[in-house]
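Worksheet for the structure shown next.
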Amino acid sequence: MEECLVPSRFHSLRLRLVAACGALVLLSLLVLAAVNQWTARRAALQNLTGQTLSLGHAHAAAIAEWMAQHRAVVESIGPAARDADPVPRLQQADKAGGFDTTYFGYADKRIVFSKPQDLPAGYDPTARPWYTSAAAGQGVVITEPYVDASTKKLVITFAQALREGGAVSAVAAGDVYMDGVSRSVASIRPTPHSFGFIVAKDGKVMVHEDVSKVLQPAVQLSPALADAGASADTLTEARIGDRAVLLGRQPIEGTDWTLVIALDRDEALAGVNAMLWQSLLGSLLLAGLAVAVVGGLIAARLRRLTLLRDAMRDVASGEGDLTRRIPADGHDELADIAGSFNRFVDKLQHTLRDIRGASESVRVASQEIANGNHDLSSRTESMASSLQQTASSMEQMTAQVGYSADTATQANQLAVSAAEAAQRGGDVVSQVVDSMNEISGSSRRMAEIIGVIDGIAFQTNILALNAAVEAARAGEQGRGFAVVASEVRQLAQRSAAAAKEIKGLIDTSTAHVASGAERVGRTGEVMQEIVGSVRRVSDLIGEIASAATEQRDGIGQVNQAVSQLDQVTQQNAALVEQSAAAASSLKEQAHRLAEAVGTFRIGEGR
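What follows is the structure, given as structure tokens:
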């Protein structure tokens, strides 16, 4: 699992660095684009405000001039109301001002038109809105537009009251079609979907390209038109229908009308929006280029980190190559990491070499111990067989001595037989003495071997302790070696304990063998006395029974000693088998340690 995590973490680091740089560049570009967009939009709105207000001012001035011309015409025909025949003056005014018709309405309810009119019976001019408005106001008044029933055109009336003695004597008025005003307003097309219209002070639409909107409340177009007298210095955002617009207002001089220009916002700001998308696209392209450049630079800078990753992967794998080194040239952090890694691998390489040498020594020593234990086991079995033969001979001697005591009457024959038996007994005792000496020598040899085992165990313990210290210095990387060193140390301690136990048993066996040798020596002396007694059998026949009894007791003691010696020998054989098993286990552990160290490629040398 660790081997799989190393490359993923490395790639994650590189991708995070590239992503962070790319995000920073993209964020910077987006902020710059946003600032540029805000600045461009602000400048565009300022330009649009100036252009719209200029456009509105021009058209409002033209409409105001048109109004002033018609107002002047109406003012000029006022004195003609006193003429006997004012019709020529009215006709002249029609031609001069482009009126549809001009007329005088008198206080006596008479009315004179510039052209014949079909009026209903009882027509009272003084009750008409144009008459009452002019009579109530000062100067020329303008009536609210209305749609002519016959022509379906928009018409307004200019009217001025004529006073004599402070009373209204007549009202001069003229009807004019608003085709010119409508054409002027309709020509306001700064963008394909932008348009203009006129709103009166009372909130009604006076002029609109859609005749159905005329004389309707302006708030039906947009709630933003509720305040017809809003500031004319700025553009107001609103919605008319399903389109977002910027409203520019320009009062028309001489009237209570306001020219409103509805500027389509999307079309007006199309250049700014296009610049925004171009900025975003450019930002993305620049961010992509920056990511590519930064990615290349980071990949070049992290190439040494790639080498370090591969080297660490080789060390962590099943066949770790500890002969590999990473170039550590340079003065940056990666060079420091490479140098530290090289020093760590070098130290680990030397440690593993020492462990490999120590494991080989342990293996050879354990092999020698195992061979010595097998040899000792064979000798112990031989000694046990000799002891069994000795016990059998002692039993025969006991039977013979008893027979001699019971048959004193056959003393001569028995004496001869006893002499022969004594002679054989002496030979056997000599053999026993020799065997005891061999046992003593073997015990000393076993003690020496056990000493060697104890020394090896002590050295192994020291080596394991050193290996554990080195592994602890290696930190997390040496934890596996620390475990192996701990296992070797425990095995060495167990071997030392077993060696001490075996040494104790051998020391006890040696003491028993020494005691047996002493007793066998006394037995030899007794046998010599028996031989002398047999020679004097003729003179000392009376002492045969007593001597036989003593002889039987001595042989019984010898028999007991031989039995004890046999038990000790059996115990020695068991201990030897345990020592052989411990040596085999130590050999197996040393072999496993050598295999564990052999998984690393550490090269030759110390």
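Quick note: the sequence shown, position 484, residue 484 per UniProt numbering, numbers continuous. Ideal Cβ placement from N, Cα and C applies to all residues, glycine included. Because the structure is a prediction, the values reported are computed rather than measured.
Can you list, in chain order, the residues of its chain whose CB lies under 6 angstroms from that of residue i, leaving out five sequence neighbours each side?
| i | result |
| --- | --- |
| residue 502 | 450, 575, 579 |
| residue 393 | 428 |
| residue 250 | 56, 57, 60, 232, 259 |
| residue 478 | 471 |
| residue 439 | 383, 513 |
| residue 506 | 443, 446, 447 |
| residue 174 | 74, 99, 102, 158 |
| residue 170 | 81, 104, 106, 162 |
| residue 90 | 102, 114 |
Among all the DSSP beta bridges, which residues are the ones paired with residue i?
| i | result |
| --- | --- |
| residue 159 | 141, 173 |
| residue 616 | A query on residue 616 cannot be resolved here, the shown segment of the chain reaching from 1 to 606 and no further. |
| residue 207 | 198 |
| residue 217 | 204 |
| residue 146 | 155 |
| residue 164 | 167 |
Please look up how many angstroms separate the CB atoms of residue i and residue j, rounded, as I've assumed it's under 8 angstroms.
| i | j | result |
| --- | --- | --- |
| residue 204 | residue 215 | 6 angstroms |
| residue 156 | residue 176 | 6 angstroms |
| residue 367 | residue 491 | Going by Cβ atoms, the distance from residue 367 to residue 491 rounds to 15 angstroms, so no, they are not a contact pair. |
| residue 240 | residue 269 | That pair is no contact at about 16 angstroms. |
| residue 158 | residue 71 | 6 angstroms |
| residue 135 | residue 168 | 5 angstroms |
| residue 25 | residue 290 | 4 angstroms |
| residue 125 | residue 109 | 6 angstroms |
| residue 555 | residue 398 | 5 angstroms |
| residue 67 | residue 145 | Not confirmed; about 12 angstroms, so no contact. |
| residue 381 | residue 573 | 7 angstroms |
| residue 253 | residue 64 | 4 angstroms |
Beta-carbon within less than 7 angstroms of residue i's beta-carbon, same chain only, minus the 5 sequence neighbours each way: which residues are those?
| i | result |
| --- | --- |
| residue 208 | 197, 214 |
| residue 527 | 422, 425, 426, 429 |
| residue 591 | 363 |
| residue 9 | Bear in mind that the predicted position of residue 9 carries a pLDDT of just 46, short of 50, making it unreliable; the figure below should be weighed with that in mind. Hits under 7 angstroms: none found. |
| residue 256 | 200, 201 |
| residue 583 | 366, 369, 370, 373 |
| residue 586 | 362, 366, 491, 495 |
| residue 180 | 66 |
Note down, in chain order, each residue of its chain lying with its Cβ closer than 8 angstroms to the Cβ of residue i, except the 5 sequence neighbours on either side.
| i | result |
| --- | --- |
| residue 558 | 394, 519, 520, 523 |
| residue 20 | none |
| residue 489 | 460, 461, 464, 465, 468 |
| residue 86 | 77, 80, 104, 112 |
| residue 571 | 505, 509 |
| residue 178 | 145, 153, 154, 155, 156, 207 |
Can a CB atom of chain D be found closer than 7 angstroms to the CB of residue i?
| i | result |
| --- | --- |
| residue 90 | The question asks about chain D, but that chain is absent: this structure has only one protein chain. |
**Request:** Scan the segment 227-268 and note each continuous beta strand (DSSP E) run of 3 residues or more that stays entirely inside, going in chain order.
**Result:** 236-240, 243-251, 257-264
**Request:** Flag this pair as touching only if the segment 189-198 and the segment 245-265 have three or more C-beta atom pairs under 8 angstroms; answer yes or no.
**Result:** yes
**Prompt:** Where are the alpha helix (DSSP H) runs, 4 residues long or more, that stay fully inside the segment 50-98, in chain order?
**Reply:** 87-97
**Message:** At 4 residues or longer, what runs of the alpha helix (DSSP H) sit wholly inside the segment 499-568?
**Reply:** none
**Prompt:** Does the segment 475-484 come within contact of the segment 424-440, defined as at least 3 CB pairs closer than 8 angstroms?
**Reply:** no
**Asked** Between the segment 359-379 and the segment 445-463, are three or more C-beta pairs nearer than 8 angstroms?
**Response** yes
**Request:** Spell out a yes or no on whether the segment 125-134 and the segment 180-191 are touching, meaning 3 or more CB-CB pairs, one atom from each, closer than 8 angstroms.
**Result:** no
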